[in-house]
Each structure stands twice: as structure tokens, then as C-alpha cells.
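> Can you read through this structure? Questions will come right after.
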Amino acid sequence: MQLHISPSLRHVTVLPGKGVREFINVKVGSRRFSYRMLFYMLLLFTFLLRVIFVMTAVDGFDGERKCSSIGCLGKKLGPKILHRRLEPAVPEVIYQILDKPVSEDELKGKSEIPQTLEDFVTEMKESRSDAKAFALRLREMVTLLEQRTRTAKIQEYLYRHVASSSIPKQLYCLTLKLANEHSTNAAARLQLPSAEFVPALVDNLYFHFVLASDNVLAASVVAASLVHNSLHPERVVLHIITEKKTYSPMQAWFSLHPLSPAIIEVKALHHFDWFAKGKVPVLEAMEKDQRVRSQFRGGSSAITANNSEKPYVVAAKLQALSPKYNSMMNHIRIHLPELFPSLNKVVFLDDDIVIQTDLSPLWDIDMNGKVNGAVQTCKGEDKFVMSKRLKSYLNFSHPLIREHFDPNECAWAYGMNIFDLEAWRKSNISLTYYHWLEQNLKSDLSLWQLGTLPPGLIAFHGHVHIIDPFWHMLGLGYQENISFADPKDAGVIHFNGRAKPWLDIAFPKLRPLWAKYIDFSDKLIKSCHIRAS
Numbered sequence: 001m002q003l004h005i006s007p008s009l010r011h012v013t014v015l016p017g018k019g020v021r022e023f024i025n026v027k028v029g030s031r032r033f034s035y036r037m038l039f040y041m042l043l044l045f046t047f048l049l050r051v052i053f054v055m056t057a058v059d060g061f062d063g064e065r066k067c068s069s070i071g072c073l074g075k076k077l078g079p080k081i082l083h084r085r086l087e088p089a090v091p092e093v094i095y096q097i098l099d100k101p102v103s104e105d106e107l108k109g110k111s112e113i114p115q116t117l118e119d120f121v122t123e124m125k126e127s128r129s130d131a132k133a134f135a136l137r138l139r140e141m142v143t144l145l146e147q148r149t150r151t152a153k154i155q156e157y158l159y160r161h162v163a164s165s166s167i168p169k170q171l172y173c174l175t176l177k178l179a180n181e182h183s184t185n186a187a188a189r190l191q192l193p194s195a196e197f198v199p200a201l202v203d204n205l206y207f208h209f210v211l212a213s214d215n216v217l218a219a220s221v222v223a224a225s226l227v228h229n230s231l232h233p234e235r236v237v238l239h240i241i242t243e244k245k246t247y248s249p250m251q252a253w254f255s256l257h258p259l260s261p262a263i264i265e266v267k268a269l270h271h272f273d274w275f276a277k278g279k280v281p282v283l284e285a286m287e288k289d290q291r292v293r294s295q296f297r298g299g300s301s302a303i304t305a306n307n308s309e310k311p312y313v314v315a316a317k318l319q320a321l322s323p324k325y326n327s328m329m330n331h332i333r334i335h336l337p338e339l340f341p342s343l344n345k346v347v348f349l350d351d352d353i354v355i356q357t358d359l360s361p362l363w364d365i366d367m368n369g370k371v372n373g374a375v376q377t378c379k380g381e382d383k384f385v386m387s388k389r390l391k392s393y394l395n396f397s398h399p400l401i402r403e404h405f406d407p408n409e410c411a412w413a414y415g416m417n418i419f420d421l422e423a424w425r426k427s428n429i430s431l432t433y434y435h436w437l438e439q440n441l442k443s444d445l446s447l448w449q450l451g452t453l454p455p456g457l458i459a460f461h462g463h464v465h466i467i468d469p470f471w472h473m474l475g476l477g478y479q480e481n482i483s484f485a486d487p488k489d490a491g492v493i494h495f496n497g498r499a500k501p502w503l504d505i506a507f508p509k510l511r512p513l514w515a516k517y518i519d520f521s522d523k524l525i526k527s528c529h530i531r532a533s
């Protein structure tokens, strides 16, 4: 059967076909369509109807009002089919204005800038401003608030810098009273250690710890926590190194407060033969560093006056200006092989740590020929403290740094380090340290942030054995939002940062972890009004 339709649709002719399976043809004008094509067109039309239904339903769920099926389809497909451009939700003029910065001079003459979001909204409603006026006013308000926030942040950092760099009167009082005890009380001038224990100072069968500090109270906490938590205190030897001016108070404290059966040695730098004779490279570098720093850096006033740097950069520079970063007590670790020529392995301790477990297992760690056993600081849940890589400390915009190091390489921490002195003596670590200190001075201190860790990262590069983070938890002097349970479960906790536990700016929640090792009933402690909180 055949079906013929005239172009005007007025005549339709049906002719018999040659079989049931023959296609029925429809003739419209000069074109011919098969029933199979009509069937596919019906399927396509059905599919489009379903799409329209689904899109309309989604628009309804999205909360759009007055949206018919055809209207929604046109809105969604129209711009693509007809190449039309939808108007943006935010007028372009707002982006143009907000992209332009506002200087301080522009804001000085405008005293009626809204101070709060509520004031801003009220002003916009009352003035019925257009988009341009809205954007201008918003930019002025946000810029003003940003400037005030930055000023307040920098002022806070400056106050913290002053507080952390100053000696609290309680600690100063304790030092003076101990110096007086040393001069008037024979019991405060005992030889440390006594003659019978002197051979243990060079005996590698003992566990040797080194603590460099000029802070008597901090040193007492490190020593007490070390001995108290040791399973074998009779095998513990603690070598305390201090400055000449604090030697008498330090000797007086440990003479009056023995930690038997542990062996305590107190020595000043000038007592070491190696240190007293000839030139000491690190001392020369420190003297040059001090001169260059005073000449080019301008101190804390110049740092805080720089309006182009972000607050956290200002905070890092202020912290690096702390006197401890230019103290020999902070550089002394690079001279350990010379200071202790008879020892094979030592654990070096900072004076702002607290030991909470037995540290003798550290001697069982296989260092695999490495020199420095340390904890990495690029992996951990704390994204602030445990996110440090070499680029956090070294200046990779300088070609000398960029050519030698990988910015994404993981950093490690000072504070509690195992040093294999035998392996160290076979290396060129100390010479590398001196070399890079000299290069930094020649580069106007531009190779790294101020401090002793950056040159240490360079000198020990390739000589570090990573140890379990349990042995060294960092960051207790930076932030208080640390769960109290986390530090309690660590082997060693480190109050690195400005908020040292002996300062008034210490975090109240964390200070008890340190204060528990102080006897607040002690006569000297009470007389200087040193309290638990």
C-alpha cells in the first residue's frame, strides 16, 4: 500500500503495495518519509517532553517562581541555542570598583565611613544608591576595617615580642638570690658532680644529655622532668652548659637541689678549653650578625612600621629578633663534637621542653649512619605547626638557595635531638654551618629568616634520621587550641614559640604541664613570688 499526499495537502492517494513488510511512503512536496522515520521522530519528541518535565521539576524544587515548562526550557537552552548572553547576577561595575585599591590618604578625609555592617545596610537603604555608589561605600568600609585589624594585630605581636624578650622580675629575683647564696653559702658552691662521679662524665655506658641554658628555672624543670620520668636515673648524666654570668646561680640551684641518683654537671662556656683558646667561628659570625642586623634591620620599630607586609610576616620577623636567637646558648649545639670529644652519642635538649617519659630507648634507635635524629615538621594534624618545609625558612627567591635545595623538602625541628657524635666527626657539617653563616652575612642576611634553625637545616642536610613524632611534640608556645590530652600522651613536649610557660603570656591550659615539676613550697621559689598560675 502507498500513500501520496499533494504539496497543498488537499489530495491524498493510497495505492496497494507489494507486501505486508513494504514501507508505506508519504509524499509531501518533493520529499519522502518512511514510517520508520516517523516512529523515530515520535520517540525523540517523547524524550524531549520528559526532559522538559524534569527540568521544570528541578526549577520548582530550586524555588523559582512563574516558570512554565517551555519557559524553563527556553531559559536553560535558549542562551546556548540562540547564542544569547545572560545578564550577570552582580553588575560588572561593582567588580571594577572593588578591584581598585584604596590608599590611606583617600580614607583620611572621610570620617563618616560606616563602622559596622548594620550601619552600612541602613545607609544604603536610606540613600537608595545605585550599584556604583554601593561598591564605593563597601570598598571604603572594608578597607578601613582591614587597616584597623592589621594595626591591632601588629600591636598585639609587638606587645608579645616585648613580653617574650624581657626577663620576668620573678626570674630575675631568683637569679639574684641564687647568686647571693653562691657567695655566702658553702653548700651552694659544691663541685658538680662530686669527684667520685667525674669518670661517668666521659663514660659511654651512661645516657648523656646536654642542656644549654641561662634560665635557672627552665633548666630546673628540664632536669627534674628528665630524672623523675627515667627508669634508670642512676645511669643519667645531664651536662648543663651556661654563660659566665649565670654560672654561679645555676651551680647554686643544683647544689641546693640535687637530683640523685642522676649525675648533674654544670659548666660555663669559659670552662671549656676548646672554647677558651683561639678563634671560635660561630662567635665571629654572631658578632658580625649583630652589627649587620643593627645596621640594616632597624629593630622592632622598623619592622612594625612597614605597611606592605602581612601581619604574620611581621610576627615572624619580631620573633626572630628575640635575644635568644643571637645567644651562644642557641648556637652551642653546632660545637658538640668539640665540647664532648670523648662521647659517642648525646641527646640535646632545649630549655623550653618538658620530658614525660623515659628517654633511654633513644639510645636503641639505629641512626643508619646519620648524624641528627629529629622529628619532621611537615606531617601532622596541626596544620599550623606541622606544615613546615624548607621554603618556610629559606629564601628561595635567592639564587644561592634555589640552586642547592628543594623548597618542598620536609623540615625538621630542634628541641630534642639525638646526635651521633662519631658520625658527626667524620662529616663536614660544622664547616658547612660556618660557610653558610658567612654567605648569609655577605647577602645582608637575605638567605633565610633570622634564627638558628635555617642554617641548621642547611648544615645537616642529608644527615638527618627521622624519628617517631611521639618523642617530640611541638607548638605549645604558639597556640592554645591544642587538646589537653594530646600533650599528655607525648614523650617530650616543646613550648616553642613566644608563650613560654614561665612568662605571664603563657597559655593557662598548658602551663600546668610545665609547672608540675616546680616545688612551689621551696624557700627561694616562694621568696620570689613564683606561683603555679
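Note that the working numbering numbers the sequence shown so that position 47 is 47, with each residue one more than the last. C-beta atoms are modelled at their ideal positions from N, C-alpha and C, and glycine is treated no differently. No experiment lies behind these values; they were computed from the predicted model shown.
1) Does F419 come out as helix, strand or coil in the three-state DSSP assignment?
2) Give me the DSSP bridge partner(s) of G373.
3) Quick one: using the 10 Å Cβ neighbour count with 16 as the cut-off for buried, is T149 buried or exposed?
4) Should N420 be labelled buried (16 or more other beta-carbon atoms within 10 Å of its own) or exposed?
5) Starting from the Cα of I240, find the closest Cα among F254, P233 and H228 and give me that residue.
6) If you run the structure through DSSP and keep just helix, strand and coil, what is M367?
7) For T242, name the three-state secondary structure that DSSP assigns.
8) Enumerate in chain order the residues of its own chain whose CB-to-CB distance from Y517 is below 6 angstroms, with the five nearest sequence positions on each side excluded.
9) For a test of the three-state rule: what should DSSP assign to I493, helix, strand or coil?
10) Rounded to whole angstroms, what is the Cα-Cα separation between H529 and D203?
11) Given a threshold of 16 other Cβ atoms within 10 Å of its Cβ, counted over all protein chains shown, does S446 qualify as buried or as exposed?
12) Contact between the stretch 404-413 and the stretch 425-437: three or more CB pairs below 8 angstroms?
13) Rounded to a whole number of angstroms, what is the C-alpha to C-alpha distance between S194 and M328?
14) So for C528, helix, strand or coil by DSSP?
15) Below 7 angstroms between beta carbons: does that hold for H535 and V237?
16) Smallest Cα separation from R189: which of P168, Q115 and E265?
17) For a quick check, are the C-beta atoms of P199 and E234 less than 7 angstroms apart?
18) Closer than 8 angstroms is the cut-off here; do at least three beta carbon pairs connect the stretch 363-383 with the stretch 507-523?
19) At what residues does the alpha helix (DSSP H) containing E179 begin and finish?
20) Near Q376, which residues of its chain fall below 6 angstroms by C-beta distance, leaving aside the five closest residues on each side in sequence?
21) Buried or exposed for R31, please, with buried defined as at least 16 other CB atoms from any protein chain shown within 10 angstroms of its CB.
22) Tell me which residues share the same chain as A490 and place their Cβ nearer than 7 angstroms to its Cβ, disregarding the 5 neighbours each side in the sequence.
23) Report the rounded CA-to-CA distance for E196 versus K488, giving the unit in angstroms.
24) Could you have a look at M473 and say whether DSSP puts it in helix, strand or coil?
25) In three-state terms, what does DSSP make of H257?
26) What does the Cβ neighbour count give for T151, buried or exposed, with the cut at 16 atoms within 10 Å?
27) Between the beta-carbon of Y414 and the beta-carbon of P454, is there less than 7 angstroms?
28) Which residue wins for smallest C-alpha separation from R137, given the options H270, Q251 and P101?
29) Could you give the DSSP three-state label for E146: helix, strand or coil?
30) List the DSSP bridge partners of E123.
31) To which residues of the same chain is M367 closer than 8 angstroms at the C-beta, ignoring the five residues directly before and after it?
32) Less than 7 angstroms between the C-beta atoms of L231 and D358, yes or no?
33) Considering only the alpha carbon of each residue, which of F460, Q449 and I353 lies closest to H494?
34) Taking the alpha-carbon positions, what's the W363 to Q155 distance?
35) Looking at M416 and V346, is the spacing between their C-beta atoms short of 7 angstroms?
36) With A515 as the anchor, note down where its alpha helix (DSSP H) starts and where it stops.
Once the coordinates are examined:
1) strand
2) I418 and H465
3) exposed
4) Going by the sequence as given, residue 420 is Asp instead of Asn. Flag for D420 reads buried.
5) F254
6) coil
7) strand
8) V221, A224 and S225
9) strand
10) 40 angstroms
11) exposed
12) no
13) 27 angstroms
14) coil
15) One cannot answer for residue 535 here, as it falls past the ends of the chain, which runs 1 to 533.
16) E265
17) no
18) no
19) Correcting the residue identity first, residue 179 is Ala in this sequence and not Glu. A179 -> alpha helix (DSSP H) spans K169 to T184.
20) C410, W412 and I466
21) Residue confidence is low: R31 scores 49 on pLDDT, short of 50, so the model does not pin down where it sits. Its coordinate-derived value is still stated next. Exposed, by the Cβ-count rule.
22) Q356, F470 and M473
23) 37 angstroms
24) strand
25) coil
26) exposed
27) no
28) P101
29) helix
30) Per DSSP, none; premise fails for E123.
31) G373, I418, D420, A423 and H465
32) yes
33) I353
34) 46 angstroms
35) no
36) R511 to A515
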